[in-house]
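Peer 1: 501 is the number that numbering that gives the first Met the number 0 gives to position 502 of the sequence shown; each next residue is one higher, with no gaps.
Glycine included, C-beta positions come from ideal geometry on N, C-alpha and C.
Fair warning: this is a prediction, and the values are worked out from it, not measured in the lab.
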Amino acid sequence: MKIVLSQINTHVGNFELNTQKIIEAIENAKIKKADLVIFPELSVCGYPPKDLLKSRGFIEKSQKAINDILLHTTNIAAIIGAPSISNSKKDNKRLYNSAYVLDNGIIKHIIHKTALSNYDVFDGCRYFNSNKNFNIVDIKGIPIAITISDDISCGMSLFDPYRNIEHCTNNPLEELKKLNPSLIVNISAKPFSYLQENRKIEMFRQIVSKYNIPLINVNLVGGNGDLIFNGESLVLNQDLKVAAQLKSFSEDTLIFDFSNIHKTIITPSLQTDSLIKIKEALILGIRDFFAKNSFSKALIGLSGGLDSAVVAALATEALGNNNVIGVLMPSEFSSDHSVVDAMQLAKNLDIEYHQIHINSLFDSYRKTLQPIFRDLPFGLAEENLQARIRGTLLMAISNKFGHIVLNCSNKSEFAVGYSTMYGDSVGAISVIGDVYKTDVYSLAKLINFKQTIIPNNIITKPPSAELRPNQKDTDSLPDYDVLDKILFNYIEKQMSEYDIVDLGFDADVVKKVIRLVNSSEYKRLQAPPILRVSSKAFGFGRRFPIVSKLD
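(1) Looking at residue 290: is its Cβ nearer than 7 Å to the Cβ of residue 323?
(2) Along the alpha helix (DSSP H) that carries residue 362, what are the first and last residues, could you check?
(3) Judging by CA-CA distance, which residue of 244, 239, 221 is the nearest neighbour of residue 232?
(4) Count Cβ pairs between the segment 274-282 and the segment 433-452 that sit closer than 8 Å; are there 3 or more?
(5) Is it a yes or a no for the segment 508-523 touching the segment 470-484, going by three-plus beta-carbon pairs under 8 Å?
(6) Measuring CB atoms only, is the segment 70-78 touching the segment 21-38, in the sense that at least three cross pairs come out at less than 8 Å?
(7) Evaluate contact between the segment 385-395 and the segment 407-415, counting only Cβ atoms and requiring at least three cross-stretch pairs below 8 Å.
(8) Measuring alpha carbon to alpha carbon, tell me which of 80, 114, 175 ends up nearest residue 99.
(9) According to the neighbour-count rule (16 or more other Cβ atoms, all chains shown, within 10 Å of its Cβ), is residue 146 buried or exposed?
(10) At 3 residues or longer, what runs of the beta strand (DSSP E) sit wholly inside the segment 227-259?
(11) Which whole-angstrom value is the C-beta distance of residue 462 and residue 304, which I expect to be below 8 Å?
(12) So what's residue 166 in DSSP terms, helix, strand or just coil?
(13) Measure the Cβ-Cβ separation of residue 452 and residue 312 and say whether it is below 7 Å.
(14) Can you list, in chain order, the residues of its chain whose CB lies under 6 Å from that of residue 0, leaving out five sequence neighbours each side?
(15) Specify whether the segment 467-475 and the segment 344-357 touch according to this definition: at least 3 beta carbon pairs, one from each stretch, less than 8 Å apart.
(16) Buried or exposed: where does residue 531 fall if 16 or more other Cβ atoms within 10 Å of its Cβ makes it buried?
(17) Exposed or buried, which one is residue 160 when buried takes at least 16 other CB atoms within 10 Å?
(18) Over what stretch of residues does the alpha helix (DSSP H) that includes residue 23 continue unbroken?
(19) Is residue 442 closer than 7 Å to residue 309 when the C-beta atoms are compared?
(20) So for residue 83, helix, strand or coil by DSSP?
(21) Do residue 405 and residue 430 come within 7 Å of each other at the CB atom, strictly closer than that value?
(22) Please tell me whether residue 529 and residue 536 are closer than 7 Å, where the distance is taken between their beta carbons.
(23) Taking the alpha-carbon positions, what's the residue 424 to residue 116 distance?
(24) Going by C-alpha distance, which of 47, 123, 127 is nearest residue 83?
(25) I'd like to know whether the C-beta atoms of residue 192 and residue 533 end up nearer to each other than 7 Å.
(26) Taking the alpha carbon of residue 196 as the point to measure from, which residue in 280, 95, 36 has its own alpha carbon closest?
(27) Report the rounded CA-to-CA distance for residue 397 versus residue 286, giving the unit in angstroms.
(28) Look up residue 6 in the DSSP assignment and say whether it is helix, strand or coil.
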């Protein structure tokens, strides 16, 4: 049996585009004399559909798309992810996350997801019901066990120790194993996390080793809002070897003969370096955010600092230099080298840039506020006022020309609230809001690997917001090397204050950092959506109260 893995980039709610991609893949598979084509989870409607699933019209469009695709399955079978409604009176038209098995013009089976993901960014229990019946599907005489995403990982400890999967008491593979399948096919929409990629491969090997059945995993690729999917669909044989693997962060297809599954078919040279993968993920996230929203040009405030330089470089690679515009907005506190560095960056990237001095605006604001501020000394209000002037200017340009502002705050800043609401926190999407400052430095060096794009002075100078004379980030925060380690242990590893101190960190510093994180929740709630590259990004996957007492 010849099988095609079709790793497609879907667009949530764009049934016409998604259906077209699926049909084209099926027709191409026919040309190659394939017997079966496999697509990712919820590929008909796009992932994640969220509350669109509560719309009757959305579900009807999905069902129509399945019927349209069905017309193209003559002499071929396809496994396609889509929502389905049970027609059983017993189920009372319940909604399921399903794998449709289309074969020679008929719907042969509809397999429902059992293990509903209910952790981090996943909210399957909000929309779907859990499968209770287990069946294998025979295609060309080969019995296949079909699972959906977390179905495959019930009972496995390697993937994510903090997740919560509902209905894992019925382990799908344990039930399906009793029916003697010859192949496991898992369709998936698992977003990228640089912390989980190695765990994922190990989990697949653990599954194949446990059940002694080869495995195919077809994963979604593309950016859909804050979530980025890396693809890397694969075939794992009974020798625990990757017999075939598709590309990272790119649409891809592969055909192989099941009778040769014990052989290495094709394995592209995939990056294993997590930093390179983060860079590729962010570029795809930017590109798809613009393409799928029909946006064209990005607008970035260039401060001469590291964060905006990295965002500008990533945006230029994602969108092209003709679609990125930089705006320099120096004040009386901006150093000459910051302006020069920002201009040099723009020239290196070959992007359009403009310079707007904000001194007169800043003076006008201060004069307007003087009757209220009176003779109070220069302080945080005046510092943040500069950031808000810059944010206002960026949004004005955005409104005038339809450009989209990219936010340049990093994860360290968002974590401790080291940003100005309605100032440097403005933007339609946060590019590096899930990247700690120390990793932003590493990204800058990676960007400069082949040639100097980001001026060296931007990388080597002490970080500063330049909102007052001689200001440095370390005036308010610990060194980033220390800060980021504390934050990682608190946020990603979910360790307590006392456990972090036991690792050797200063108790007062840890207490201060955790207090800053906890007290900044209301600010993060108003931050732009953040491109997720870790296992615990700020946003939907980390929900904390904005009113609480945790000290």
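Peer 2: For this structure:
(1) Not a contact, by the Cβ cut-off of 7 Å.
(2) That run of the alpha helix (DSSP H) goes 358-372.
(3) It is 244 whose Cα lies nearest to the Cα of residue 232.
(4) Cβ pair count under 8 Å is three or more, so yes.
(5) With the rule of 3 Cβ pairs closer than 8 Å, the segment 508-523 counts as touching the segment 470-484.
(6) Counting Cβ pairs under 8 Å, three or more are found: they touch.
(7) Two segments are said to touch when three or more pairs of C-beta atoms, one from each, lie closer than 8 Å; by this definition the segment 385-395 does not touch the segment 407-415.
(8) Measuring C-alpha to C-alpha distances from residue 99 to each of 80, 114, 175 identifies 80 as the nearest.
(9) Burial call: buried.
(10) With a minimum length of 3 residues, the unbroken runs of beta strand (DSSP E) contained wholly in the segment 227-259 fall at 233-235, 241-244, 251-256.
(11) With 8 Å as the limit, residue 462 and residue 304 qualify as a contact, their Cβ atoms being about 7 Å apart.
(12) Confidence at residue 166 is low in this model, with a pLDDT of 49, below 50, so its placement is unreliable and the value that follows should be read with caution. In this structure, DSSP gives residue 166 a state outside helix and strand, which the three-state scheme calls coil.
(13) Yes. Within cutoff.
(14) Excluding positions up to five away in sequence, the list reads 34, 139, 141, 257.
(15) The way I'd put it, the segment 467-475 doesn't touch the segment 344-357; fewer than three beta-carbon pairs between them come closer than 8 Å.
(16) With 16 or more other Cβ atoms within 10 Å, it is buried.
(17) Confidence at residue 160 is low in this model, with a pLDDT of 48, below 50, so the placement of that residue is unreliable and no value is reported for it.
(18) Membership of residue 23 in the alpha helix (DSSP H) is indicated by the continuous run 14-30.
(19) Contact: yes.
(20) In the three-state DSSP reduction, residue 83 falls in the strand class (E or B).
(21) Yes, they are a contact pair.
(22) It is a contact, given that the beta carbons lie within the stated cut-off.
(23) If you take the alpha carbons of residue 424 and residue 116, they lie about 31 Å apart.
(24) Of 47, 123, 127, the residue nearest in Cα terms is 127.
(25) Yes, these two residues count as a Cβ contact at 7 Å.
(26) Checked all of 280, 95, 36; the closest Cα to residue 196 is 280.
(27) Answer to the nearest angstrom: the Cα atoms are 18 Å apart.
(28) It is a strand residue.
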